[in-house]
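In this note's numbering, the protein residues as written are 1 to 526.
See below:
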């Protein structure tokens, strides 16, 4: 029996899986998907589990106790078991899509199967993953500095050497068992041999032990840039797109190739990862127990966006040729609750939050969207005045915003800057602050930070970075200071500068690939 047949074995699940056929038909036709096809809260579709808000006053302590028990039991499983805590985390390194349109459905599937595994190993059938609403509280929750929820604690490996001694042989055996599809997908990520994969694993496990996080129990607050990235104002801009490609990422040739990062991924997702740092700053981030609650919140926001789309009778999936590529892309590394490979599911299945029969307890809500500033969305190309980055010279980019669009932004509309950078050497360490300078060159507002999560540019697709960042907040601050002329077009000068000396050193001391090559720059208007 396949995994899909197993999920659909009861009469209720037959109903759920039957609606997937209708869902697919609507999606392929390009029509809006009916609410009942993808929303868990509609009449007649009551969820079996509720993902609770960790910050809610009535959050049940036993739910976190079950999570602690699950982490403990997964850590205790032998390294040969694919449900072992570290083995599950390694799936993220092997297969996770970032900077493309598979980011959201892949991670929804990853969380859904993990949640089922947690129920299996604890024997507690009422468990559902909580979520961390970092918009409401950009502070790492205190329980995650205690016991088995602290990745620097004694329950975890403290050194890369200890991890390697336990996992080298089981992972080598796993490599030998891979299917031809899995080998081809790993090849696309740059892992042509076991040694190439293992070298990557060992390099990233150097963050075990005391380096597991940058935050501490005495300093648990996320930094200014992260607070800006997770703010409600940023989420409003992230929710402004009315197409999946703009909200969830563009479709590339396959899910290990970067394309264009959405604002949801580029700002709140990436910066929570890098703001926590340590293991969370790289592709072994699931080694940190907070990973799963962070992504549960991303999943919640995606469900909220789908509801907005449904209310406006707009599609929730890619359209045209992109849909066919998106829905046919296989995910070959998931494991079910019994340790068996997951087969037969794709992006359309994972687009439905109710596939795993859960709903979300309410958290921070993005308000209803304003009408589009224009019919559809548009793009304003920018000009690169200086693209070579050095210790003294930042990259200077300029953008002319028409007065009518500027007024729309001040009234609550979204203006998101897009940056496409080629030849991204040492990309995993790059972080650049973006300043918005008024046309008179005197008033300056900090807009935020383009920051990389993980190692982009892996594999055979070239090393490129694609970022999105909201400019609305900085523009409103400039207006509040009296620095904007609303009667004429505004020329914005965006100053792209390294965040710290480490980044400067890595860029300037590299080979001829070290220059920051901005291939395109501009702004999306919604």
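Yeah, the Cβ is synthetic: ideal placement off N, Cα and C, and Gly gets one too.
Q: With distances taken Cα to Cα, identify the nearest neighbour of residue 278 among 207, 68, 141.
A: 207
Q | Same chain, Cβ closer than 8 Å to residue 523, five either side skipped, listed in chain order | A | 379, 380, 382, 399, 401, 415, 416, 417, 418, 471
**Q.** DSSP bridge partner residues for residue 495 (one or two, in chain order)
**A.** 396, 435
(Q) For residue 368, tell me which candidate among 275, 315, 270, 309 has the shortest Cα-Cα distance. (A) 309
Q) Would you report the Cα separation of residue 364 and residue 444, rounded to the nearest angstrom? A) 30 Å
Q | Whole-angstrom C-beta distance between residue 95 and residue 450, which should lie under 8 Å | A | The Cβ separation is near 25 Å, so there is no contact.
Q | Distance, residue 256 Cα to residue 185 Cα | A | 8 Å
Q | Residue from 496, 230, 217 whose Cα sits closest to the Cα of residue 366 | A | 230
Q.
I believe residue 276 touches residue 327 by the beta-carbon criterion, under 8 Å. Please report the beta-carbon distance rounded to the nearest angstrom.
A. Rounded, the Cβ-Cβ distance is 33 Å, inconsistent with contact.
Q.
Taking a contact to mean a Cβ-Cβ separation below 8 Å, would you say residue 114 touches residue 88 in this structure?
A. yes
Q: Could you check how far apart the C-beta atoms of residue 249 and residue 84 are, in whole angstroms? I think they sit under 8 Å.
A: With a Cβ gap of about 30 Å, residue 249 and residue 84 do not count as contacting.
Q | residue 313, buried or exposed, once every other Cβ within 10 Å from all chains shown has been counted against 16 | A | exposed
**Q.** Unbroken alpha helix (DSSP H) run spanning residue 201, endpoints
**A.** 194–204
Q | Proximal residues to residue 233 (C-beta, below 6 Å), its chain only, five neighbours per side dropped | A | 473
Q. Looking at C-alpha atoms only, which residue of 311, 86, 117 is the closest neighbour of residue 70?
A. 117
Q) Taking residue 397 as the reference, which of 90, 521, 121, 66 has the closest Cα? A) 521
Q) How big is the Cα-Cα spacing for residue 162 and residue 480? A) 56 Å
Q: Give the range of the beta strand (DSSP E) segment to which residue 379 is assigned.
A: 378–381
Q. Nearest to residue 78 by alpha carbon, out of 122, 394, 166, 283?
A. 166
Q: Helix, strand or coil for residue 526, going by three-state DSSP, please let me know.
A: coil
**Q.** Spatial neighbours of residue 68 in its chain, beta-carbon cut-off 7 Å, leaving aside the 5 residues before and after
**A.** 147, 148, 149
Q | Reference residue 452; option with closest CA among 239, 57, 281, 435 | A | 281
Q: Return helix, strand or coil for residue 339, following the three-state DSSP convention.
A: coil
**Q.** Outcome for residue 359 when other beta-carbon atoms lying within 10 angstroms are tallied against a minimum of 16
**A.** buried
**Q.** Separation of residue 356 from residue 298, as counted between CA atoms
**A.** 16 Å
Q) Would DSSP call residue 447 helix, strand or coil? A) strand
(Q) Can you tell me whether residue 426 is helix, strand or coil according to DSSP? (A) The predicted position of residue 426 is uncertain, since its pLDDT is 42 and thus under 50; a value taken from the coordinates is nonetheless stated next. Residue 426 falls in the coil class under three-state DSSP.
**Q.** Buried or exposed by the 16-neighbour rule on C-beta atoms within 10 Å, applied to residue 217
**A.** exposed
**Q.** Nearest neighbour of residue 130, chosen from 446, 496, 273, 295 [CA to CA]
**A.** 295
Q. Between residue 362 and the rest of its own chain, which residues show a CB-CB distance below 8 Å, the 5 nearest in sequence each way excluded?
A. 53
**Q.** Through-space distance from residue 404 to residue 486, alpha-carbon basis
**A.** 8 Å
Q: Return yes when the Cβ of residue 244 is within less than 8 Å of the Cβ of residue 315, no when it is not.
A: yes
Q: Determine which residues share a DSSP beta bridge with residue 49 and list them.
A: 358
Q | Straight-line Cα distance separating residue 143 from residue 525 | A | 41 Å
(Q) Is the separation between the beta-carbon of residue 272 and that of residue 134 shorter than 8 Å? (A) yes
Q) Between residue 263 and residue 238, which are expected to be in contact by the criterion C-beta below 8 Å, what is the C-beta distance as a whole number of angstroms? A) 4 Å
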